[in-house]
Structure formats: structure tokens, C-alpha cells
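Numbering (mature numbering (1 follows the signal peptide of the UniProt record, and there is no 0)), first residue to last: -29 to -1, 1 to 113.
And the structure:
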């Protein structure tokens, strides 16, 4: 009987260690670029490794959105992004997987909307030629 308890305990320890390793792997995964309607975008930046990966990818994009809490500056994730062109046509709709959202947009005028916990903010964005635009969006801590 004692041997079976030891075996069960060993399996539980091994399973816990593997589960923790899996969580660690997911948390440190590098952001993966996506494409929607011909527009490349990437989001992420939770943790030091993914933040560094996002900064390394920055040169490939011309729109940079950052999401944070007003007052504390704490970064936010799970922000719904909606980018529309000047005619109102949806260009990109995505959930940001971290505090940074980068997109490579063709030249033009856009409306960038971001929704966090039901609160939406919108900003006009004008992308011209090689111009790069940064948008900072802050939400009040509720």
C-alpha cells in the first residue's frame, strides 16, 4: 500500500512540474504575426522575452498601439482592436494578446478603435508613405 502512495505522489509531482513547464512555455512564447485583409499585424508583449521580440519586430510595421491603465501605467491585454479605412470598411479586427499592437497599413486615413472592459476609445490615424504612427490608449482603473 505504501508503495502505491509513493508512486501516486511521484506521478503528481511529475504532472505538476510538466504543467508548470507548459505554462512557462506559453507565457514566454514569441508573438506571431497575423494577416487580415492583406494587412499584417502582431500583438503581445507580456513578459520580458515577448516585449523584446515585439521591439525587434517594430521596424516591420507603421502603426504602434500601446494599452495601459491611466495613473498606474500598468500594461493591459485582451483589448479588442478595430481598424477601419476612410470609407468605414473593416481592415483589421483582433484581440490584442498584450499591451502592444503593431500593424503595417497601406497609406491612407484610418479610424483605430480599442475596447477594454466595455469602454471604447477611437483615434484618427493618417498613414502617409514611410510615416510611422504611435497611438497610446489609457483606461481608468475601475
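Each residue gets a CB set at the ideal place from its N, CA and C atoms; glycine is no exception.
> If residue 82 sits next to residue 93, beta carbons under 8 angstroms apart, how far is it from one beta carbon to the other, in whole angstroms?
Replying inline: As a working note, residue 82 is residue 111 in the chain shown. As a working note, residue 93 is residue 122 in the chain shown. Confirmed, about 6 angstroms.
Close beta carbons around residue 119, own chain, < 8 angstroms, minus the five adjacent residues each side | Lying outside -29 to 113, the shown extent of the chain, residue 119 is not represented and no answer is given.
- Using only alpha-carbon positions, find the residue among 27, 97, 13 that is nearest to residue 19. Position 48 of the chain shown, counted from the start, is the residue given in the question as residue 19. Of 27, 97, 13, the residue nearest in Cα terms is 27.
**Report entry** Span of the alpha helix (DSSP H), counted from its first residue to its last, around residue 20
**Finding:** Walking along the chain shown from the start, residue 20 turns up at place 49. Per DSSP, residue 20 belongs to the alpha helix (DSSP H) from 19 to 28.
- [ ] Run through the stretch 53 to 99 for me and flag every whole alpha helix (DSSP H) of 4 or more residues, listed as ranges in chain order.
- [x] none
Practice item. Out of 101, 66, 2, 61, point me to the one whose CA is closest to residue 22's CA. Key: As a first step, residue 22 is located in the chain shown; it is residue number 51 there, counting from the start. Considering only alpha carbons, the answer is 2.
message = Distance check for residue 35 and residue 29, CA to CA, integer angstroms please.
response = Locating residue 29 in the chain shown gives position 58, counting from the first residue. Locating residue 35 in the chain shown gives position 64, counting from the first residue. For residue 29 and residue 35, the distance between alpha carbons rounds to 8 angstroms.
**Straight-line Cα distance separating residue 4 from residue 54** = Position 83 of the chain shown, counted from the first residue, corresponds to residue 54. Position 33 of the chain shown, counted from the first residue, corresponds to residue 4. About 16 angstroms.
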